[in-house]
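Numbering (our numbering), first residue to last: 2 to 265.
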């Protein structure tokens with residue numbers, strides 16, 4: 002009987018050893034996403050307010066906590082030397098420990114990050130990295146408009162110089178309208194001389210930009226006629242006016258570069 006008892010208990014003991022229990026646990030960390038846009042009206046007027054002086058946004062709530070954005074137009078510390086802007090986000094709630102990840106971006110009214118690149122680094126972004134010359138020209142035109150709006154004179158001159166280099170038949174008329182509307186005298190003269198060239202005039206007049214020029218800046222057409230007349234006078238005296246190296250009565254060529262008059 003004892004032997005039989007051991008035999009009967011052995012399978013039960015083995016079954017107990019083979020049975021296992023699997024358990025799991027989960028830690029859930031909740032996150033809340035949010036965004037806030039802080040508009041600064043009259044940005045150019047804030048420059049020069051002083052190092053360490055800031056403009057603060059209204060309080061906004063994300064995740065049950067209050068936050069504020071602080072913008073320093075001339076930088077927060079003397080290290081910035083008023084050459085750079087500083088931007089911070091700060092917890093406005095009286096809470097000792099809150100973890101947050103954030104991203105801050107500076108944009109102009111049209112969302113143009115190229116303008117912010119100039120404000121940060123005091124130089125134009127690398128327009129050559131754009132895929133096409135037309136894209137580069139469009140970016141420079143847009144920056145010129147922003148420079149005029151915010152009274153950034155140096156940026157406007159840089160854009161003018163870049164656009165003078167990129168002048169072409171398909172863009173000349175629209176650039177002339179842009180120059181007239183934003184008081185860019187250098188670019189305007191270069192455009193007038195370029196369009197007035199006999200080899201260019203007819204082709205430019207067939208572009209959509211010339212139609213826009215007629216509607217938006219009709220007074221410029223009279224100035225263009227004066228330049229066309231100058232070329233006609235020079236042609237009558239035997240000067241070569243069929244190329245971009247034609248010499249105008251003011252001693253410059255069609256690209257507004259001073260050139261030596263021919264004496265023979």
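Cβ coordinates follow ideal geometry from the N, Cα and C atoms, glycine included.
All figures in this text were calculated on a predicted structure; none of them were measured in a lab.
Taking the alpha carbon of residue i as the point to measure from, which residue in the options has its own alpha carbon closest?
i	options	result
residue 53	26, 40, 74, 179	74
residue 138	28, 59, 171, 204	171
residue 90	198, 79, 63, 201	63
residue 226	205, 207, 193, 201	193
residue 189	201, 164, 205, 204	164
residue 95	67, 86, 121	67
residue 103	69, 41, 127, 123	69
residue 122	97, 206, 140, 86	86
residue 65	32, 223, 42, 55	32
residue 61	27, 38, 80	38
Note down, in chain order, each residue of its chain lying with its Cβ closer than 6 Å to the Cβ of residue i, except the 5 sequence neighbours on either side.
i	result
residue 156	119, 148
residue 186	none
residue 34	none
residue 204	170
Between residue i and residue j, which are expected to be in contact by the criterion C-beta below 8 Å, what is the C-beta distance as a whole number of angstroms?
i	j	result
residue 116	residue 159	That belief does not hold up - the Cβ atoms of residue 116 and residue 159 are roughly 12 Å apart, past 8 Å.
residue 72	residue 88	6 Å
residue 195	residue 174	Actually they do not touch by this definition, with Cβ atoms about 10 Å apart.
Considering only DSSP beta bridges, list what residue i is partnered with.
i	result
residue 67	62
residue 72	56, 88
For residue i, which residues from the same chain have a beta carbon less than 8 Å from its beta carbon, with the 5 sequence-adjacent residues on both sides left out?
i	result
residue 45	151, 152, 153
residue 178	210, 213, 214, 217, 218, 221
residue 48	74, 75
residue 21	none
residue 162	187
residue 224	193
If you count every other CB in all the chains shown that lies within 10 Å of the CB of residue i, and 16 or more means buried, which is it?
i	result
residue 181	buried
residue 210	buried
residue 136	exposed
residue 101	exposed
residue 57	exposed
residue 78	exposed
residue 243	Any answer about residue 243 is weak, because its pLDDT of 43 lies below 50 and its placement is not dependable; what the coordinates show is given next. By the neighbour-count rule (16 or more Cβ atoms within 10 Å), residue 243 is not buried but exposed.
residue 105	exposed
residue 207	exposed
residue 29	exposed
residue 201	buried
residue 112	With a pLDDT of 49 at residue 112, under the threshold of 50, the modelled position of this residue cannot be trusted, and the question is left open.
I'd like the list of long-range same chain contacts for residue i, defined as Cβ closer than 7 Å, with 5 residues on each side in sequence excluded.
i	result
residue 51	75
residue 176	164, 168, 188, 192
residue 146	183
residue 59	none
residue 228	193, 194, 197
residue 99	66, 92
Between residue i and the ligand GDP, is the CB less than 8 Å from at least one heavy atom?
i	result
residue 223	The ligand GDP is absent from the structure shown, which contains no ligands of any kind.
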